[in-house]
Amino acid sequence: MADVIRVPNAKIALSTASVYPERTPDAFELAARLGYDGVEIMVGADPVSQDIDVIERLSGHYGVPVLAIHAPCLLVTQRVWGRDPWAKLLKAQKAAERLGARTVVVHPPFRWQRDYARDFEDGLARMREETDVIFAVENMFPLKARGNDVVPYSPDWNPMDYAFPQVTLDLSHTAVSGSDAMEMAVKLGDRLSHLHLADGLGVSNKDEHLVPGRGNQPCAAVLERLANTGFDGLVVLEVNTRKATSRTERVDDLAEGLAFARLHLAATR
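Position 197, counted from 1, in the sequence shown is what the UniProt record's numbering calls 197; the numbers after and before it change by one each time, with no gaps.
Structure below.
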């Protein structure tokens, strides 16, 4: 009997960060044009990404749902939605609830955010009790300085060994940290609820976010494992297209990333 191809219920979304230096409305347009299942909003410097009223209108106009909100956790977004990290998460939660998004992606706190870091695990647990929105804590990476690892996050850059019931696995970050991405996926098991699909070559201190298949990360194998385990979370293409020489090249990269995800997010039974 011929093998049967089984495709899990997982949806494939385009991160709005993947179209930079184009902007959030362009991400909706390209997601619709290329056939993505939805978008993940990277809340950042682009004013549109911060405005839920406008996001809601864009979603309706293009017929592209918002499937996740990436809270403004980066160094460059420290003042976006205010300075209070808990207020940012609450705003991300309310945005997700209003837009019908399932997940809020959040980074571990920076070490200098002492009060936030001290209460991070317990605070997220309290928030989970008040909403159906998932808070998926993302793996980050240490930095290299004079041959030593410098960890700017607390309790750690790696959420593996902490009591977070939902985790985002980023395959560019595994490249920078020198982690075994497949081992992490296996150990996380059902805690792996969200995948940032990208690639990397493991260049020190460089978060490359290459199109999957252009680095050395096991992107295909991770997707195939998710398919075999009936993954029902979200796969988000989060790549860097800033070096694209034209819009055509950017569109080709995003189409290639989607085709890669659809090809490998399938299981043979």
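A virtual CB, placed ideally from N, CA and C, is assigned to each residue, including glycine.
Can you round the beta-carbon distance between Leu58 and Arg102 to whole angstroms, since I take them to be within the 8 Å contact cut? Under the criterion of beta carbons closer than 8 Å, Leu58 and Arg102 do not qualify as touching, at roughly 18 Å.
Please state if the CB of Ala32 and the CB of Ser15 are separated by a distance shorter than 9 Å. No.
Can you have a look at Tyr20 and say buried or exposed, based on whether 16 or more other CB atoms are within 10 angstroms of its CB? So Tyr20 counts as buried.
Do Glu183 and Ala198 come within 9 Å of each other at the CB atom, strictly closer than that value? Cβ distance not < 9 Å, so Ala198 and Glu183 don't count as in contact.
If the criterion is Cβ atoms closer than 9 Å, does the pair Ala71 and Ala45 meet it? Contact: no.
Val203 versus Phe141: straight-line alpha-carbon distance, rounded: Here the alpha carbons of Phe141 and Val203 stand approximately 12 Å from one another.
Candidates Ser172, Ser246, Thr229: which alpha carbon is nearest Glu238's? Of the candidates Ser172, Ser246, Thr229, the one whose C-alpha sits nearest the C-alpha of Glu238 is Ser172.
My guess is that Pro223 and His264 are in contact by the Cβ rule of under 8 Å, so how many angstroms apart are they, rounded? Per the sequence shown, the amino acid found at residue 223 is Leu instead of Pro. About 4 Å; that satisfies the 8 Å criterion.
Is it buried or exposed for Thr145, if we count other Cβ within 10 angstroms and need 16 for buried? Sequence inspection shows Ala at residue 145; the Thr mentioned does not correspond to that position. When all chains shown are included, Ala145 counts as exposed.
Candidates Asn228, Asp53, Ile69, Lys243, of which the one nearest Ala266 by Cα: For Ala266, the nearest C-alpha among the options comes from Asn228.
Find the nearest neighbour of Met160 within the set Asp132, Asp115, His107, judged by alpha-carbon distance. In terms of CA proximity to Met160, His107 leads the group Asp132, Asp115, His107.
Under a Cβ-count criterion, where at least 16 other Cβ atoms within 10 Å of its own Cβ denotes burial, should Pro47 be classed as buried or exposed? Counting Cβ neighbours within 10 Å, Pro47 comes out exposed, since fewer than 16 surround it.
Distance check for Asp115 and Val251, CA to CA, integer angstroms please. Per the coordinates, the alpha-carbon of Val251 lies some 42 Å from the alpha-carbon of Asp115.
Who pairs with Phe135 in a beta bridge, going by DSSP? Per DSSP, Val104.
Quick one: give me the first and last residue of the alpha helix (DSSP H) that Trp87 is part of. The sequence shown places Ala at residue 87, not Trp. Where Ala87 is concerned, the enclosing alpha helix (DSSP H) stretches over 85–99.
Nearest-angstrom Cβ-Cβ length linking Pro65 and Gly38, presumed shorter than 8 Å: Contact flag correct, Cβ pair sits at about 4 Å.
Any idea what DSSP makes of Thr24, helix, strand or coil? Correct three-state label for Thr24: helix.
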